[in-house]
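One structure is given below, encoded as structure tokens.
Numbering (this note's numbering), first residue to last: -13 to 234.
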């Protein structure tokens, strides 16, 4: 059966990705990439890994690269739901049909396509500059060296630290802030941070509990139960509940 994915689909996705990199509003995070390295960014869901890709692309633009050099593909896109590992090379074919450069590749949630690691190793062997994110059970940091053979540097991406949380809330602390009115703002922000956590996207939502519950269910079902083949889901849920209640 012929694949439903065509080069035209990837041409469209490449163009959309370039526009996204150009237009996205970024929040700064204290992480610096090395030169022309290859990276796999791993971590908990919704920690901000995609924005790290956008940040790196914008850094490269500032260093003199052109927008048309970039290929950003989000494998969560519903247009790629039927994609298989046989379709990966169509990305390069679609790019080369339009642009004369050797592309810089940004692949978001690539683990959605089984067999992605073979394509990633080939790109490394062919000296492409590649940045990858992954957040499910197949992309835990300790697995990267096994699946990619040391060809990529793996970096953990975490939610906001409290300092980043304050900065994202527009709070810049001055000298001796603890003796002025800023102290009360910091105390209020600390309570919110301890209550809701530091997921960057969470700041955009009023109903924070619903958003957090959704993330919790995805992590529990996809990253714990499926990965470890847990048979007694109810027992696990009760254990996690007791652990959460024991935090002091």
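Glycine included, C-beta positions come from ideal geometry on N, C-alpha and C.
Residues near residue i by beta carbon distance below 8 Å, same chain, minus five either side
{"i": "residue 103", "result": "133, 134"}
Residue i to residue j span [Cα, whole Å]
{"i": "residue 195", "j": "residue 202", "result": "10 Å"}
{"i": "residue 6", "j": "residue 101", "result": "27 Å"}
{"i": "residue 53", "j": "residue 11", "result": "16 Å"}
{"i": "residue 130", "j": "residue 65", "result": "27 Å"}
{"i": "residue 210", "j": "residue 231", "result": "20 Å"}
{"i": "residue 159", "j": "residue 168", "result": "7 Å"}
{"i": "residue 219", "j": "residue 139", "result": "34 Å"}
{"i": "residue 221", "j": "residue 181", "result": "25 Å"}
{"i": "residue 22", "j": "residue 108", "result": "17 Å"}
{"i": "residue 177", "j": "residue 200", "result": "22 Å"}
{"i": "residue 214", "j": "residue 89", "result": "37 Å"}
{"i": "residue 86", "j": "residue 13", "result": "32 Å"}
Close beta carbons around residue i, own chain, < 6 Å, minus the five adjacent residues each side
{"i": "residue 257", "result": "Residue 257 lies beyond the range of the chain shown here (-13 to 234); nothing can be said about it."}
{"i": "residue 45", "result": "none"}
Cβ-Cβ distance between residue i and residue j below 8 Å
{"i": "residue 117", "j": "residue 8", "result": "no"}
{"i": "residue 80", "j": "residue -9", "result": "no"}
{"i": "residue -4", "j": "residue 67", "result": "no"}
{"i": "residue 95", "j": "residue 73", "result": "no"}
{"i": "residue 185", "j": "residue 145", "result": "yes"}
{"i": "residue 189", "j": "residue 154", "result": "yes"}
{"i": "residue 39", "j": "residue 119", "result": "yes"}
{"i": "residue 25", "j": "residue 17", "result": "no"}
{"i": "residue 4", "j": "residue 56", "result": "yes"}
{"i": "residue 150", "j": "residue 15", "result": "yes"}
{"i": "residue 277", "j": "residue 28", "result": "No answer is possible for residue 277: the residues shown for the chain start at -13 and end at 234."}
{"i": "residue -7", "j": "residue 83", "result": "yes"}
{"i": "residue 33", "j": "residue 172", "result": "no"}
Residue i beta carbon near the ligand ADP (any heavy atom closer than 7 Å)
{"i": "residue 34", "result": "For the ligand ADP, the structure offers nothing, since it holds no ligand at all."}
Environment of residue i [buried if 16+ CB atoms lie within 10 Å]
{"i": "residue 228", "result": "exposed"}
{"i": "residue 106", "result": "buried"}
{"i": "residue 233", "result": "exposed"}
{"i": "residue 166", "result": "exposed"}
{"i": "residue 36", "result": "buried"}
{"i": "residue 212", "result": "exposed"}
Where the beta strand (DSSP E) through residue i begins and ends
{"i": "residue 59", "result": "56 to 60"}
{"i": "residue 9", "result": "Element bounds for residue 9: not the beta strand (DSSP E) but the alpha helix (DSSP H), -7 to 9."}
{"i": "residue 139", "result": "139 to 142"}
{"i": "residue 216", "result": "Per DSSP, residue 216 belongs to no beta strand (DSSP E) and is neither H nor E."}
{"i": "residue 165", "result": "Unbroken run through residue 165: none, as it is neither H nor E."}
Bounding residues of the alpha helix (DSSP H) (the contiguous stretch that carries residue i)
{"i": "residue 231", "result": "219 to 231"}
{"i": "residue 106", "result": "102 to 111"}
{"i": "residue 170", "result": "168 to 182"}
{"i": "residue 75", "result": "74 to 82"}
{"i": "residue 201", "result": "194 to 204"}
7 Å Cβ shell around residue i - same chain, five flanking residues per side excluded
{"i": "residue 170", "result": "none"}
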